[in-house]
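Residue 36 in the numbering used here sits at position 28 of the sequence shown, with consecutive numbering throughout.
Here is the structure we will look at.
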Amino acid sequence: MDIDEFVHKAKQIEAEIAKVMVGQKQIIRHSLIALLAGGNVLLEGVPGLGKTMLVKTLSQVLSLEFKRIQFTPDLMPADIVGTSIISEDAEGRRAFQFQAGPVFANIVLADEINRATPKTQSALLEAMQEGTVTAGGKTRNLPNPFFVLATQNPLEMEGTYPLPEAQTDRFLFKLLVEFPEEEELAAIISRDMGSEPGDLERMASGEDVLAMQAIAAGVPVAERVNRRIVKLILASHPDSPYAPEMVRKYVRYGASPRAGQALVASSRVRALMEGRYNAAFDDIEELAYPVLRHRIILNFEGEAEGIKIDDLIGELLAATEDER
């Protein structure tokens, strides 16, 4: 697969998903970028905006196995990774046999992840970071490619367990699913009244996804681009000499080095999708928002004044513009 085929394949996938998803073009693109960068996505939005539909559609278009896990307070880690059960063969001999959990799929939807207890949430940590799970004293490899898309409702927080920073940092992107505009809402309502699209075409396979990931991993990143990423991460920390005034005043802790790795990986994919074989400043300026918005922690004053993380990221980009 060459760069032209990569671009063509990516456009086909986006167009096919758009047959089902009305609007949400940026959400579709960023979800695909995360998948091709080998990362995971945290989707935040109120119920009914099509978050589940997006993941199911993505799995159909890519011919990948899809599993959905509904997170609830009584969900246990074994319900996710699987457990060993006693089985009996034809001769009556009994032995333990591993029963794989729903995490053994190419695309896993972790629905309302903040409704499960921290112990259960952490069951996804190894899967997301290492691509393996450990159960019954044995480590097992997950299918490849492997992609987790977790959702959470930002409004109904009663009875929920907010994700700890260690887990949110495992997500490449945090995407905000906005309420549709008037025309988009009309199209959604009309579609629900009987204008459903036909069967989706399979535009790629698991092997195609792996090939696209390999091509993206080889995209060069210029020293100037890399330097701006470094300054951007450093500037997100309030005690850094690069930090703008807004960060010094309202931020308790900035982005981790993993954020820099996420920016590099995702910028490479976006560059290819734009038909370029080099990561550029434009890639950083678009992807800084989904990469950083869940990695910057506000202090008490920032929380009290209702400071928006996206506004802080805008300040960070302006403060590091001299690196262009």
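Glycine residues also receive a C-beta, built at the ideal position from the N, C-alpha and C atoms.
- Residue burial is scored here from C-beta neighbours: residue 128 has at least 16 other C-beta atoms within 10 angstroms and is therefore classed as buried.
- With a threshold of 16 other beta carbon atoms within 10 Å, residue 152 falls short and is exposed.
- Residue 255 sits away from residue 300, with the two beta carbons spaced by 9 Å or more.
- Following the DSSP letters along the chain, one finds residue 14 inside the alpha helix (DSSP H) bounded by residues 11-26.
- In the three-state DSSP reduction, residue 194 falls in the helix class (H, G or I).
- Annotated three-state conformation of residue 119 is strand, per DSSP.
- Rounded to whole angstroms, residue 21 and residue 312 show a C-alpha spacing of 42 Å.
- Annotated three-state conformation of residue 169 is coil, per DSSP.
- Straight-line measurement puts the Cα of residue 233 at about 47 Å from the Cα of residue 106.
- Assignment of residue 93 by DSSP, reduced to helix, strand and coil, places it in the strand class.
- Assignment of residue 304 by DSSP, reduced to helix, strand and coil, places it in the coil class.
- In this structure, DSSP gives residue 75 an extended state, which the three-state scheme calls strand.
- According to DSSP, residue pairing for residue 143 in a beta bridge involves 146.
- For the set 308, 225 and 120, the Cα lying nearest the Cα of residue 274 is the one of 225.
- Only residues of its own chain outside the window of five on either side were considered, and among them 79 and 83 have a CB closer than 6 Å to the CB of residue 124, listed in chain order.
- By the Cβ test, the stretch 23-30 is not in contact with the stretch 131-140, since fewer than three Cβ pairs between them sit closer than 8 Å.
- The stretch 67-74 makes no contact with the stretch 92-103; the number of CB pairs closer than 8 Å stays below 3.
- In the structure shown, residue 285 adopts coil according to DSSP, grouped into three states.
- Per DSSP, the continuous alpha helix (DSSP H) segment holding residue 65 begins and ends at 59-69.
- Under the DSSP definition of a beta bridge, residue 229 partners with 287.
- Taking a 10 Å sphere around the C-beta of residue 33, we find fewer than 16 other C-beta atoms and assign the residue as exposed.
- Within the DSSP bridge table, the entry for residue 129 names no partner.
- The bridge partners DSSP lists for residue 52 are 160 and 184.
- By the CB criterion at 9 Å, residue 65 and residue 117 fall outside the cutoff.
- Each of 298, 329, 328 and 309 was checked against the Cα of residue 318, and the nearest Cα belongs to 298.
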